[in-house]
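Protein chains in written order, with this note's numbering: chain A, 1 to 387; chain B, 1 to 169. Each residue gets a CB set at the ideal place from its N, CA and C atoms; glycine is no exception. These numbers were taken from a predicted model, which means no experiment stands behind them. Some notes on the structure that comes next.
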Amino acid sequence: MVTRPIADEELHAYVDGQLDSARRIQVDAWLAEDGAGQVRLEAYRAQDEALHQLFDSVLTEPLPPGLADLTEQLRARLDDRAAAPVPDRGPVRRTSPARGDVAAVAAAMWARLRRWDRSRVWSLWPQQGWVQALAAITLLIAGGVGGYGLRTGAAPVPAPAASVVTADGQQPQPGLKTFAEEAVQAHVFYTADTPQPVEIAADDRGELNRRLSERLGKSIFGPDLGSVGYRLVGGRSFPIATGAGAQYMYQNDQGKVLTLLVGKPKAGQETAFRFYQQDDRAMFYWVEGTLAYALVGPVAHDDLMKVAEAVYKVMKDPPLETKRPEDKAAPQPTVTAPPAPAPQPSVQPTSAQQSNGAPRGDAQGQPVGGAIQPIGQQGADMQPKAM
Amino acid sequence: MSNLGSDLDVQIASLRRYSRALVRERADADDLVQETLARAVAHADQFKQGTNLRAWLFTIMHNVHVNQVRQKASRPGDVPVEDVELLLVSPARQEMQVELRDVARIIDTLPEEQRQVLLLVTLEGLKYDEVATMLGVPIGTVMSRLSRARESIRLKMGDQGGASLRRVK
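Dropping the structure here:
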């Protein structure tokens, strides 16, 4: 099955999500048969987690005054440059009244969030990630009202099938759209007329979450989206560019199907938010902590954002059952939606801190290959070279 | 890069994390970030809009670090364990703290060049080619340093590394 031996460097590239998809599948196959390789893989992943445990708290330490000043100086310098006309990016950077309003709102919001951050309301990075996701969601909603959301589709992005646009309408950097693209491909593939749209049904959510968490090596759960009319149908896992991906599938009473892909973000994508619209399909991508999420569905921009907000609320304040992955059965997660509207996280400092203790899962899961999977021509990030 | 301003904040938070993991001592680590930002402000006109802000900032930081190390002769291994304990994300189980401290100690014993690569790839999620460009070495060197670093930690953690570290989640 394995065409050539797995080089040491390739196992590392596999761990780091920097192996091309064809080779990754071969490594999956090799790992399934090689106990020693599996042991090393798990040890490396554990190291990775340990490093984050050790140092992630630095991310939310308040900036000392000297650093804060320099940050603002640098921001001003970079903004000056951004404001200067850049001929070859003109169409993308074109400003308009709507865009200006949105940018101003976002800037003001961000300034407020930064202050909260400094007051340590947000004491762990994942929450800050949500703050950013939320800012982006709000930005997109605001933009949609002003017609800005529609305009993003017209940005001259030389993408073959569709345009991926960042929250502020910029063209993404090359190679930054793989997770989003994979999410859309997987959505199309598994929501098409297939006999088995999900691999694990949602009848037993505990089992569904447990199995997908195991394959991802992280504790994840399918959020209950009943508040926006979608029920969880089930899920499946399949290999994506960064290892294993878990896809949750939802359906509403009108038969519309949404999918939520969860996986490790690609290097370089950890802080990005992307909104993507192609024909009648919309996708929103964001990152929280060490995981990337992409929500895809045949719905309009505003509707998708409502669902994204619902996902946000459940994820931020997860049902109790999902906080303890070692618990055997996780019955119907109950959503205790925070009372406040999304853009006012300051009223929920307690819940933000409580969820700091959310476990990150037991990383004994190995990425699972073998499933039919729609990923075709993923570009190789790199071809490992021998020394 | 971003009108949200979030990108810069995120990158600076990452710089601080990497700096802390690399030099450990809080004041020294923030000095490194401070010097990096000062240089970034001074050379902001060299940053090309639309290019990788993170790679640009990390490259500056690397250069500053090399200079600082050269100037004041680094003190590898001179790390108060208490500092590490303060960094723990949450006051979780005792055994977990002990294991994390072991990992921290072992990382400190790694050669600087291996430690840099390990931290840049695993902690900061940089791609191998980004690290290679940043450090000015071939990509194969990056990968072999990473490989050696991870194997060292794994072997030094011994049996407990396989079994107990897995629970550090």
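Query                                                                                                                                                           : Result
Quick test of your reading: A:Gly235 and A:Leu258, contact by CB under 8 Å. State the CB separation rounded to the nearest angstrom.                            : Actually they do not touch by this definition, with Cβ atoms about 12 Å apart.
In or out: A:Asp224 buried (at least 16 other Cβ within 10 Å) or exposed?                                                                                       : buried
Any beta-carbon of chain A closer than 8 Å to the one on B:Ile60?                                                                                               : no
Look at the alpha carbon of A:Gly255 and the alpha carbon of A:Thr60, and state the distance between them as a whole number of angstroms.                       : 42 Å
If I follow the unbroken alpha helix (DSSP H) through B:Val131, where does it start and stop?                                                                   : Tyr128 to Leu135
Count Cβ pairs between the segment 119–126 of chain B and the segment 51–60 of chain A that sit closer than 8 Å; are there 3 or more?                           : yes
Leaving out five residues on either side along the sequence, give the residues of the same chain with a beta carbon under 7 Å from the beta carbon of A:Asp266. : The displayed chain sequence assigns Lys, not Asp, to residue 266 of chain A. Once the five neighbours on either side are set aside, the close Cβ partners of A:Lys266 are Gly17, Thr178, Phe179, Ala241 and Thr242.
State the beta-bridge partners of A:Val287 as determined by DSSP.                                                                                               : A:Ala292
Find the residues of chain B that neighbour A:Arg236, judging by a C-beta separation of less than 8 Å, and give them in chain order.                            : What A:Arg236 touches in chain B: nothing, since even the nearest Cβ is about 23 Å away.
Taking 8 Å as the CB-CB limit, is B:Thr122 close to chain A?                                                                                                    : yes
Give the DSSP-derived three-state secondary structure of A:Val198 in the structure shown.                                                                       : coil
May I ask which residues mark the beginning and end of the beta strand (DSSP E) holding A:Asn209?                                                               : From DSSP, A:Asn209 is part of no beta strand (DSSP E) but of the alpha helix (DSSP H) over Arg205 to Leu216.
Using a Cβ-Cβ distance under 8 Å, would A:Arg75 count as near chain B?                                                                                          : yes
So what does A:Asn252 bridge to, in DSSP terms?                                                                                                                 : A:Tyr230
Check A:Arg120 in the structure and name its three-state DSSP category.                                                                                         : Residue placement at A:Arg120 is flagged as unreliable, the pLDDT there being 29, under the threshold of 50; the coordinate-derived value follows with that caveat. Three-state DSSP puts A:Arg120 in coil, outside helix and strand.
With 8 Å as the threshold, decide whether the Cβ of B:Gln46 is near any Cβ in chain A.                                                                          : no
To the nearest angstrom, how far is the alpha carbon of A:Glu9 from that of B:Ser147?                                                                           : 7 Å
Distance, Cα to Cα, A:Asp28 vs A:Arg281?                                                                                                                        : 32 Å
Where does A:Leu258 fall in DSSP's three states?                                                                                                                : strand
Between B:Arg17 and A:Val58, is the Cβ-Cβ spacing less than 8 Å?                                                                                                : yes
Using the Cα positions of A:Ala329 and B:Val10, report the straight-line distance between them to the nearest angstrom.                                         : Low local confidence applies: a pLDDT of 43 at A:Ala329 is under 50, so the model's placement there is unreliable, with the coordinate-based value given in what follows. Each residue's Cα considered, the two are about 37 Å apart.
Between the Cα of B:Ala55 and those of B:Arg154, B:Leu118, B:His65 and B:Ala132, spot the shortest distance and give me the residue it belongs to.              : B:Ala132
Relative to the C-alpha of B:Thr36, which candidate in A:Ala68, A:His301 and A:Asp34 has its C-alpha closest?                                                   : A:Ala68
How many Å lie between A:Asn252 and A:Glu309 at the Cα?                                                                                                         : 16 Å
For a test of the three-state rule: what should DSSP assign to A:Pro298, helix, strand or coil?                                                                 : coil
Rounded to the nearest angstrom, what separates A:Thr322 and A:Asp79 at their Cα positions?                                                                     : The predicted position of A:Thr322 is uncertain, since its pLDDT is 49 and thus under 50; a value taken from the coordinates is nonetheless stated next. Those two C-alpha atoms are separated by around 42 Å.
Return the residue from the list A:Pro65, A:Ala43 and A:Gln247 that minimises the CA-CA distance to B:Val103.                                                   : A:Ala43
Looking at A:Met283: is its Cβ nearer than 8 Å to the Cβ of A:Ala294?                                                                                           : yes
Are B:Leu110 and B:Leu100 close, meaning C-beta to C-beta below 8 Å?                                                                                            : no
A:Val388 and A:Val307 look like a contact to me (Cβ under 8 Å); what is the Cβ gap, rounded to whole Å?                                                         : Lying before the first or after the last residue shown, residue 388 of chain A is absent from chain A, which here runs from 1 to 387.
State the start and end residues of the unbroken alpha helix (DSSP H) segment that holds A:Arg24.                                                               : Ser21 to Glu33
With DSSP run on the structure shown, which of helix, strand or coil describes A:Arg4?                                                                          : coil
Would you tell me roughly how many angstroms separate the C-alpha atoms of A:Tyr248 and A:Ala202, rounded to the nearest one?                                   : 9 Å
How would you label B:Ala27, buried or exposed, when you count the other beta carbons within 10 angstroms and need 16 or more for buried?                       : exposed
Taking C-beta to C-beta, are A:Ala246 and A:Arg215 nearer than 8 Å?                                                                                             : yes
So who's on the other strand from A:Ile240, going by DSSP bridges?                                                                                              : A:Gly243
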